[in-house]
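Novice:
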Amino acid sequence: MSPFAVAAAPFTLSILLTLVSAHYSSSSSYSPPSLQASPEFAEWRSAHATYYAAADPRDAVGGACGYGDLVKGGYGMATVGLSETLFERGQICGACFELRCVDDNRWCIPGTSIIVTATNFCAPNHGFTSDGGGHCNPPNKHFVLPIEAFEKIAIWKAGNMPVQYRRIKCRKEGGMRFTVTGSGIFISVLISNVAGHGDILAVKVKGSRTGWLSMGRNWGQNWHVNALLQNQPLAFEVTSSDEKIVTSYNVAPKDWTFGQTFEGKQFET
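With mature numbering (1 follows the signal peptide of the UniProt record, and there is no 0) applied, the sequence shown corresponds to residues -22 to -1, 1 to 247, in that order.
#1: Between which residues of its own chain and proline 102 is the CB-CB distance below 7 Å, once the five residues before and five after are set aside?
#2: If you follow the beta strand (DSSP E) that threonine 159 is in, where does it begin and where does it stop?
#3: Hey, does threonine 239 have any beta-carbon neighbour from chain D nearer than 8 Å?
#4: Could you give the distance in angstroms between the alpha-carbon of glutamate 241 and the alpha-carbon of proline 211?
#5: Find the nearest neighbour of serine 226 within the set Glu151, Lys184, Ala25 and Gly52, judged by alpha-carbon distance.
#6: Could you pull the DSSP bridge partners for tyrosine 29 from this structure?
#7: Which of the three DSSP states, helix, strand or coil, is assigned to lysine 135?
#8: Would you say the segment 232 to 241 touches the segment 137 to 155, given that touching needs at least three Cβ pairs under 8 Å?
#9: Taking only the alpha-carbon atoms, compute the straight-line gap between glycine 176 and tryptophan 134 and give it to the nearest angstrom.
#10: When the Cα atoms are used, what is the spatial distance from asparagine 138 to alanine 180?
#11: Provide the residue span of the alpha helix (DSSP H) that contains phenylalanine 65, from first to last.
#12: Would you mind working out which of Ile163, Gly110 and Ile146 sits nearest threonine 235, comparing C-alpha positions?
#13: Take the Cβ of valine 229 as the centre, count every other Cβ of all protein chains shown within 10 Å, and call the residue buried at 16 or more, exposed below.
#14: To which residues does DSSP link serine 91 through a beta bridge?
#15: Which of helix, strand or coil does DSSP assign to phenylalanine 106?
#16: Please name the residue in Gly59, Cys86 and Asp47 whose C-alpha comes closest to that of tyrosine 30.
#17: By Cβ distance, which residues of its chain are closer than 6 Å to alanine -14, with the 5 residues on each side in sequence left out?
#18: Would you say the beta carbon of glycine 89 is closer than 7 Å to some non-hydrogen atom of the ligand MN?
#19: Do the CB positions of isoleucine 93 and isoleucine 146 come within less than 8 Å of each other?
#20: Kindly indicate the opening and closing residues of the beta strand (DSSP E) around glycine 194.
#21: Out of Thr90, Ala213, Lys119 and Glu151, state which residue places its alpha-carbon closest to the alpha-carbon of lysine 130.
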């Protein structure tokens, strides 16, 4: 398949959303969704949300999930940074949430909700207590939104706003995207634009001259393997967090090169 253009200019979040690849080294539509069968998806839960108003051009990876330029990647401003309690050491990257403002008639916009994709991490600030300014400190469940998304549900003057949230299935246009980077036998693949549950449990890659090779999570949704895969077409097997599997054959052609992005199949929604 033909490669997509790889995002060259990074999109980032505010100072509150710091990159956590070192901290976690172990490893746009706003339409309301249909109700999901799973209680995890159907139940509304309590949290708080704040917003940021500017991007930091120094961030070269597009947040703690490593998606790069979020606008060029198709995520737009429908994104969110999660507190440590929600972030799950990056395993939650790509999951989708519906948020609505509650408990404050002064600032809430009645009858509204937003749908956002988890793309970043809001680091705890241990200079403050969890109830005294440390919005993203454990055990707080906290969402940090672009102001463009925040203003879909509340007036910007609201500040630290009570919200309700629930997981929903992600709806994405086109197939999953595989951005291949690395050097020599070190192969790194960023997987983005994932529908369904959105977050990924496991990834395998296969060349025309290899069997299926399990990839390890590097950080966020960046996966890696040490293998000689050049000069052969690549296939990928992706397992989502609900253990559904999508296999895409001949995603990258024989003459693929590092830095290219390719499109594969997609999870059903």
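Note that the Cβ used here is the ideal one computed from N, Cα and C, for glycine as well.
Specialist: Taking the coordinates as given:
#1: The residue labelled residue 102 in the question sits at position 124 within the sequence shown. If we look at proline 102 and ignore the five residues flanking it on each side, its Cβ neighbours are Glu62, Gly112, Cys114, Asn115 and Pro116.
#2: Here residue 159 corresponds to residue number 181 of the sequence shown, with the count starting at 1. Looking at the DSSP string, the run of the beta strand (DSSP E) that includes threonine 159 is 155 to 161.
#3: Included in the structure is just one protein chain, with no chain D present.
#4: Along the sequence shown, read from residue 1 onward, the residue named residue 241 stands at position 263. Along the sequence shown, read from residue 1 onward, the residue named residue 211 stands at position 233. The alpha-carbon atoms of glutamate 241 and proline 211 are separated by roughly 13 Å.
#5: Within the sequence shown, the letter at position 248 stands for residue 226. Selected option, being the one with the closest Cα: Lys184.
#6: In the sequence shown, the residue the question calls residue 29 occupies position 51. Answer is Leu123, bridged to tyrosine 29.
#7: For the purposes of this step, residue 135 is taken as the residue at position 157 of the sequence shown. In this structure, lysine 135 counts as helix in the three-state DSSP scheme.
#8: yes
#9: Counting from 1 along the sequence shown, the entry for residue 176 is found at position 198. Counting from 1 along the sequence shown, the entry for residue 134 is found at position 156. Cα-Cα distance, rounded: 28 Å.
#10: Taking the first residue of the sequence shown as 1, we reach residue 138 at position 160. Taking the first residue of the sequence shown as 1, we reach residue 180 at position 202. So the alpha carbons of these two residues sit roughly 35 Å apart.
#11: By one-based count along the sequence shown, residue 65 stands at place 87. Looking at the DSSP string, the run of the alpha helix (DSSP H) that includes phenylalanine 65 is 62 to 65.
#12: Residue mapping note: residue 235 aligns to position 257 of the sequence shown, counting from 1. Out of Ile163, Gly110 and Ile146, Ile163 has the C-alpha closest to the C-alpha of threonine 235.
#13: The residue you call residue 229 lines up with position 251 of the sequence shown. That one is buried.
#14: Start at 1 with the first residue of the sequence shown, and residue 91 comes out as number 113. Bridge partners of serine 91: none, in fact.
#15: Your numbering for residue 106 matches position 128 in the sequence shown. Phenylalanine 106: coil per DSSP, three-state reduction.
#16: Indexing the sequence shown from 1 puts residue 30 at position 52. Nearest C-alpha to tyrosine 30: Gly59.
#17: Residue numbering aside, residue -14 sits at position 9 when the sequence shown is read from its first letter. Only weak support is given to the placement of alanine -14: the predicted model assigns it a pLDDT of 32, under 50, and the question is left unresolved by the model.
#18: Ligands are entirely absent from the displayed structure, and the ligand MN is therefore not among its contents.
#19: Here the question's residue 93 lines up with position 115 in the sequence shown. Here the question's residue 146 lines up with position 168 in the sequence shown. Yes.
#20: Position 216 of the sequence shown, counted from the first residue, corresponds to residue 194. Unbroken beta strand (DSSP E) run through glycine 194: 191 to 197.
#21: Walking along the sequence shown from the start, residue 130 turns up at place 152. Cα-wise, what sits closest to lysine 130 is Thr90.
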